[in-house]
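Using the working numbering, you'd call the opening residue of the sequence shown number 9 and step up by one each time. Glycine residues also receive a C-beta, built at the ideal position from the N, C-alpha and C atoms. Read through the structure below, which is laid out as structure tokens, and then see the notes.
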Amino acid sequence: MVKDRKARQQIDLTVIAIANLIAALTDAMRNADIGNDVVHGFLDELDHLNWMTIYGTPRRVLDDIIEVVRSTVPVND
Numbered sequence: 009m010v011k012d013r014k015a016r017q018q019i020d021l022t023v024i025a026i027a028n029l030i031a032a033l034t035d036a037m038r039n040a041d042i043g044n045d046v047v048h049g050f051l052d053e054l055d056h057l058n059w060m061t062i063y064g065t066p067r068r069v070l071d072d073i074i075e076v077v078r079s080t081v082p083v084n085d
């Protein structure tokens with residue numbers, strides 16, 4: 009029981025770390041004055057690669073993370 013809880017906590021931390029990485033990369037691109045279209049292209053490609061390689065709940069979680077980050081980037085630049 010304790011091992012299961014620790015494993016779930018570790019998975020939660022991994023998901024948070026991945027979300028932070030995606031957000032940090034997106035912020036760094038925006039801070040470097042890279043166009044929003046390029047940032048959206050990055051997020052599109054990340055989404056596509058996830059679709060090709062990940063399935064089930066992990067993919068749905070990553071889809072949600074990408075959509076949250078995408079919503080912070082303006083579409084009309």
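First and last residue of the uninterrupted alpha helix (DSSP H) at I74: 65–78
Once DSSP output is grouped into helix, strand and coil, what is the label at V23? helix
What span of residues does the alpha helix (DSSP H) with G49 cover, start to end? 44–61
What do you reckon, are the CB atoms on N44 and V81 nearer than 8 Å? yes
Evaluate I24 with the Cβ neighbour count: other Cβ atoms within 10 Å of its Cβ, from every protein chain shown; 16 or more gives buried, anything less gives exposed. Classification of I24: exposed, given that the 10 Å Cβ count is below 16.
Using a Cβ-Cβ cutoff of less than 6 Å, which residues in the same chain neighbour L51 once the five nearest sequence positions on both sides are dropped? I74, R78
Cut-off 8 Å between Cβ atoms - residues of its own chain near V48, not counting five sequence neighbours on either side: The amino acid occupying residue 48 in the given sequence is His; Val does not appear at that position. The answer, listed in chain order, is R78, V81, V83.
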